[in-house]
Amino acid sequence: MAKIEELIWPDDDSIAFAVLDGASITNLLDKLYDEAGPDFECLYAGDLEPDIAEVAPYLARLEPENAFSKWALSGWGEHWGIYAVVPAEMELPEVRRHFRKLNMVYGPDSKPLYFRWYDPRVLRIVLPTCNREQLEEIFGPVKKFILEGETPEQVVAFSLANGELVHERISLKV
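Start counting at 1 in the sequence shown, then tack on 330, and there's your number in our numbering.
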């Protein structure tokens, strides 16, 4: 986990958020609402029915050496979600506003569809297919996305350099 933590908290100019998938994490809401839970917000708007709230995506601020952060990272390899590194001055509501824009896409018939971009199995396939404009829209203020690779022993890190996708694969094997 040390290598993942180095990527998630690279320097003092950055902060980290997890986008956690309630559909993949049993009792996520219990962890979020725990007294030691993080600052978080749902990426769906409004008052949700309980069954929708259980499976919704949540944005949570991660802090180094924090019990919730350690728990969130313990789901590595279980496709619990993705991690985003953003500039330190970003606040939770700003990051939420950006990520909420990604929740809906439009199909060939112009019907809106939910886009599970926060599932690492989806994001690692979608990003390499995006054009510059799409990448800039997805990244917005994000410096780097950190997600699990095809195996739990692999980290995939995506960033932008001059509008081009930088795709790093890092082995966790020692």
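Note that beta-carbon positions come from the ideal geometry of N, C-alpha and C, so glycine has one too.
According to DSSP, residues forming a beta bridge with R391: BP columns for R391 point to F347.
Would you identify the three-state DSSP class for R426, choosing helix, strand or coil? Three-state result, R426: helix.
Between which two residues does the alpha helix (DSSP H) holding Y436 run? In the DSSP annotation of this structure, Y436 is not part of any alpha helix (DSSP H); the continuous beta strand (DSSP E) holding it starts and ends at 434-436.
Distance CB(L502)-CB(E483) smaller than 7 Å: Contact flag set, yes.
Could you check where the alpha helix (DSSP H) with E466 kicks off and where it finishes? E466 -> alpha helix (DSSP H) spans 462-469.
Using a threshold of 7 Å, state whether the C-beta atoms of Y436 and G411 are closer than that. Cβ atoms of Y436 and G411: not closer than 7 Å.
If you draw a straight line from the alpha carbon of I382 to that of R391, how long is it in whole angstroms? Taking C-alpha positions only, I382 is separated from R391 by approximately 22 Å.
Are the CB atoms of R426 and L389 within a distance shorter than 7 Å? In this structure, the beta-carbon distance from L389 to R426 falls below 7 Å.
Per DSSP, cross-strand counterpart(s) of S489: S489 is bridged by DSSP to K474, V496.
Helix, strand or coil at E384 according to DSSP, with G and I counted as helix: In the structure shown, E384 adopts helical secondary structure according to DSSP, grouped into three states.
Neighbour-count burial assignment, K361, 16 or more Cβ in a 10 Å radius: Buried, because 16 or more other Cβ atoms sit within 10 Å of the Cβ of K361.
Can you tell me whether DSSP reads S440 as helix, strand or coil? Look at S440 here: in three-state DSSP terms it is coil, with no helix or strand label.
Taking C-alpha atoms, which residue in S440, E494, P442 lies nearest to L457? The candidate whose alpha carbon is nearest that of L457 is E494.
Beta-carbon separation of Y413 and I500 under 7 Å? Going by C-beta atoms, Y413 is not nearer than 7 Å to I500.
Let's see if you can read the secondary structure: which residues bound the alpha helix (DSSP H) around M398? Checking the displayed sequence, the identity of residue 398 turns out to be Phe instead of Met. First-last of the alpha helix (DSSP H) with F398: 397-404.
Taking D364 and A418 to be in contact with their CB atoms under 8 Å, please state how far apart those CB atoms are, rounded to whole angstroms. In this structure D364 is not in contact with A418, their Cβ atoms being roughly 25 Å apart against a cut-off of 8 Å.
Under 7 Å, do P536 and F398 count as touching if we go by C-beta distance? The chain is shown from 331 up to 504; residue 536 falls before or after that span and cannot be answered.
Cα-Cα separation between K431 and V504, rounded to whole angstroms: Their Cα atoms are separated by approximately 38 Å.
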